[in-house]
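Visitor:
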Amino acid sequence: MSQTTPAIRCNGIKKVYGTGDTQVHALRGVDLEVHAGELLMLVGPSGCGKTTLISIIAGILDQTEGDCSLFGQDFRQLPPAERVRYRGKHIGFVFQAFNLIPTLTVAENTAIPLLINGEKREKAIARAIQCLEEVGLGSKVDAFPSQLSGGQQQRVAIARALVHDPKLVVCDEPTSALDHQTGTKVMEVLKGLAMDGKRSLVIVTHDARIFEFADRIAHMDDGHIERVEARAAQDN
Amino acid sequence: MFRVALKMLFGDRGKYLGIVIGIALASVLMINQPGIMISILKTVNGLINDVSGPDLWVMDPMVKNVDDVKPMQDTQLYRVRGVKGVAWAVPFYKGSTKVRMSNGETVQSVMVGLDDATLIGGPTEMLQGRLADLREPDGIIVDKAGAEGRLAKPSPQPGGKPIPLKVGDTLEINDQRAVVVGIARATQTFASQPTIYTTYGRAKSYALSERKMLSYVLAKAQAGESPEVVARRITHDTGLRGLTSEEFKQKNLDYMIHNTSIIVNFGFVVLIGFIVGAAVTGQIFYNFTLDNLRHFGVFKAMGTPDSVLRRMILLQALVVGFIGFGLGAGITGTFAAMKANSTDLSMTLNWQLLSASGAAVLLIVLMAALISIRKVMKLEPAIVFKG
Ligand SMILES: Nc1ncnc2c1ncn2[C@@H]1O[C@H](COP(=O)(O)OP(=O)(O)OP(=O)(O)O)[C@@H](O)[C@H]1O
Ligand SMILES: [Mg+2]
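Protein sequence lines correspond, in order, to chains A and B. All residue numbers for the first sequence refer to my numbering, where the first residue is 1 and numbers rise by one. All residue numbers for the second sequence refer to my numbering, where the first residue is 237 and numbers rise by one.
Have a look at this one:
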């Protein structure tokens, strides 16, 4: 795994929220590499900067200092419109709170990244249904999110994150809202579908029970990455 | 994504209905009230509009508006005829009289007396009979609303429909016989009194008690003379006041507007409609956006360009505006149509009114959209990861 090309490269990332007295140093210099085809977990105590770091990696937040590039592309060198388009094409998102749109069907929710990328509705829905079948929800395509269980909703979110075949998927606490068994099932689905050898996954989690799915785990504390461990070493 | 925007809107049934109903109510107020006001203002000039032919109205200088008749001596007619540039001039009587119906009931009516020779100033649209029939003995013409309304004969059976006056029926005016020789269409008066047309000479005999009978002199400027110039000349030469028809109408409207609070009253209701419409719908629409802020954040993070987000919100606002206005205009229009055939004072519904209220609704929804768009534009996509 360590021989693959870096998909994400962060050098000396610092992030300061606010100004003056209310300043918060969320990241104090983070160096990190994530390889293509790798599943990296970010773990650490609450408030240590995990969400801040994946937000910067995903290009939805600007760092205060340092460089971060995604497949060799530094977001800050792109004009804002390009940057939005890049995000739409190459990044998939999974959230703790699922963030499905209640008035859209499961298939429509799943198709959103394709619609954002300008895909025709029929094609987008067809592709979405295919993805939903892969996450085991082929029978629920016309249901509304409220008619699904938490685990099912998160599987819809996974289908949505993968439907446009992104190079990177970022997940913030994808299993925290689920019980252990469901969380494990969701992780199995996610890992099974997302890991195609090229795509990278960065997952922020508190949930030690899913650590087993990681290739590497980056331990964070107080705005730093303390250490990065390869899972293979812990497995015995 | 526009379909997604619409689904978001229609899916939130409560707010969607709230906004649409708010806009519909605002539209109803903003169409209905000015409509009624225009109708009222129109009645003020009904008499002048109904009189075709003359382009000059000559009156006592003290006259404040068309209903404020200050009778003049008959001899003034000849003085007007003598003014340079006047092609012709005829007498015109407008007064009030009590008409006694066959069952003995009396009805206060407007009486109009037309020049015996020319019948100038008579109604332009006859529904039964001919204007010239006024020359028959005791002939009068009654307006349709009066004939079907207050002057209609009571039904023989109790509770039955009254029978409209028709040609050949007789009435009594000041103890004198009057025979209906025609039914005409005339603009409703504000007080909805029947209008009775007769000749100037006969009006004199119906209104015995009045010393001076000449309410107005209707005149026409000679070809090639401007009516305004001739009007000024009449004023100068006779000491009366000469006005063109348009000037006289304007004078009446001015009087109505300055001496009644009609504009203020109706304007106030329209303003309330606008403010309530803007406040209520703006508020609900903004809340709708706030409810969906998280979803807009998700769209933003997932790569939706700002321009698309702006258009999604604009579409949502325009759709509720369009449907709400359509509903409001439809309701108002239906009511107007239902009342159109009745002889009551109804509301005027014209394209100017519809486009003005449509523009007001557009303004409301655009303002609502703008506030929502501002909120969404300022939204940080990073909120999607916040709990
Ligand atoms: N928008 C913001 N403005 C100000 N401070 C912020 C903001 N977002 C995060 N912070 C602060 O930055 C620090 C890091 O926050 P972050 O959300 O990255 O932590 P986290 O590791 O994801 O925590 P958790 O496990 O609780 O989600 C925290 O102290 C937090 O209070
Ligand atoms: Mg977090």
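Beta carbons are placed, not taken as given, at the ideal position from N, Cα and C, and that holds for glycine.
Give every residue of the same chain whose Cβ lies closer than 6 Å to the Cβ of T568(B), excluding the five residues on either side of it in the sequence, and list them in chain order.
Guide: V264, I267 and N268
Visitor: Using a C-beta cutoff of 7 Å, does T540(B) count as contacting chain A?
Guide: yes
Visitor: Rounded to whole angstroms, how far is the Cβ of F246(B) from the Cβ of L551(B), which I believe are closer than 8 Å?
Guide: Contact doesn't hold; Cβ gap of about 12 Å is too wide.
Visitor: Using DSSP with H/G/I as helix, E/B as strand and the rest coil, what is F255(A)?
Guide: It is not possible to answer for residue 255(A), since the shown part of chain A is limited to 1 through 236.
Visitor: Quick check: the Cα distance between A233(A) and P174(A), rounded to an integer number of angstroms?
Guide: Caution applies to A233(A), whose pLDDT of 43 falls short of 50 and renders its modelled position unreliable; the value that the coordinates give is listed next. Straight-line Cα distance between these residues: approximately 24 Å.
Visitor: Give the residues whose C-beta lies closer than 5 Å to at least one heavy atom of ligand 1, in chain order.
Guide: Y17(A), V24(A), A26(A), S46(A), G47(A), C48(A), G49(A), K50(A), T51(A) and T52(A)
Visitor: Does the Cβ of H531(B) have 16 or more other Cβ atoms within 10 Å, making it buried, or fewer, making it exposed?
Guide: buried
Visitor: Between V505(B) and chain A, is there a C-beta pair that is closer than 7 Å?
Guide: no
Visitor: Compute the beta-carbon to beta-carbon distance between N488(B) and N301(B), rounded to the nearest angstrom, for a pair I have assumed lies under 8 Å.
Guide: The C-beta distance from N488(B) to N301(B) rounds to 5 Å, short enough to fall under 8 Å.
Visitor: For the 8 Å Cβ check, are there 3 or more pairs between the region 67-84 of chain A and the region 592-611 of chain B?
Guide: no
Visitor: Please classify Y252(B): is it buried, with 16 or more other beta-carbons within 10 angstroms of its beta-carbon, or exposed?
Guide: buried
Visitor: Could you check what DSSP says for N523(B) in three-state terms: helix, strand or coil?
Guide: In the structure shown, N523(B) sits in a helix (DSSP, three-state: H, G or I).
Visitor: By the DSSP assignment, the beta strand (DSSP E) with M362(B) in it spans what residues?
Guide: E361 to Q364
Visitor: Count the other C-beta atoms from every protein chain shown that fall within 10 angstroms of the C-beta of N495(B), then say buried if there are 16 or more, exposed otherwise.
Guide: exposed
Visitor: T480(B) bridges to which residues according to DSSP?
Guide: L292(B)
Visitor: Cα separation between K243(B) and L545(B)?
Guide: 14 Å
Visitor: For the alpha helix (DSSP H) containing G18(A), list its first residue and its last residue.
Guide: Where G18(A) is concerned, there is no enclosing alpha helix (DSSP H), given that its DSSP letter is neither H nor E.
Visitor: Find the residues of chain B that neighbour K237(A), judging by a C-beta separation of less than 9 Å, and give them in chain order.
Guide: Residue 237(A) lies beyond the residue range present for chain A, which begins at 1 and ends at 236; the question has no answer from this structure.
Visitor: Can you check DSSP and say which residues form a bridge with K485(B)?
Guide: K485(B) is not bridged to any residue.
Visitor: Could you compute how far the alpha carbon of E461(B) sits from the alpha carbon of V294(B)?
Guide: 17 Å
Visitor: Using the C-alpha atoms, what's the distance from L40(A) back to N236(A)?
Guide: Any reading at N236(A) is ruled out, since the residue's pLDDT is 38, under 50, leaving its predicted position unreliable.
Visitor: Checking contacts by CB at 7 Å: is A553(B) closer than that to chain A?
Guide: no
Visitor: Tell me where the alpha helix (DSSP H) around G257(B) begins and ends.
Guide: According to the sequence displayed, residue 257(B) carries Ile and not Gly. Residues R249 to V280.
Visitor: Can you name the start and end residues of the alpha helix (DSSP H) that S608(B) belongs to?
Guide: W587 to K614
Visitor: Examine the Cβ distances between the region 89-103 of chain A and the region 163-174 of chain A and report whether three or more of them are shorter than 8 Å.
Guide: yes
Visitor: Leaving aside the five residues before and after G66(A) along the sequence, list all residues of the same chain whose C-beta is less than 6 Å from its C-beta, in chain order.
Guide: These residues qualify, in order along the chain: N11, G12, I13 and K14.
Visitor: For the region 516-540 of chain B, which residues have a beta carbon sitting closer than 9 Å to at least one beta carbon of chain A?
Guide: N528, R530, H531, G533, V534, F535, K536, A537, M538, G539 and T540
Visitor: So which of I607(B), V415(B), F535(B) and L589(B) has the shortest CA-CA distance to T110(A)?
Guide: With distances taken between Cα atoms, T110(A) lies closest to F535(B).
Visitor: For ligand 4, any of its heavy atoms closer than 6 Å to the Cβ of K191(A)?
Guide: Only ligand 1 and ligand 2 can be found as ligands here, which leaves ligand 4 out of the picture.
Visitor: When Cβ atoms are compared, which residues of the region 76-104 of chain A fall closer than 8 Å to chain B?
Guide: A81, V84, R85, Y86, R87, G88, K89, I91, F93, F95, Q96, A97, N99, I101, P102, T103 and L104
Visitor: Which residues, taken in chain order from the region 202-224 of chain A, show a beta carbon closer than 9 Å to some beta carbon of chain B?
Guide: V204
Visitor: Would you call K50(A) buried or exposed, if buried means 16 or more other Cβ atoms sit within 10 Å of its Cβ?
Guide: buried
Visitor: Closest Cβ-Cβ distance between I8(A) and chain B: below 7 Å?
Guide: no
Visitor: List, in chain order, every chain B residue whose beta-carbon is nearer than 8 Å to that of R121(A).
Guide: R239
Visitor: Could you name the residues of chain A that M613(B) contacts, counting a contact when the two beta carbons are closer than 9 Å?
Guide: Ordered by position in chain A, no residue passes the 9 Å Cβ test against M613(B), which lies about 12 Å from the chain.
Visitor: Compare the C-beta of M244(B) with all C-beta atoms of chain A and state if any pair is closer than 7 Å.
Guide: yes
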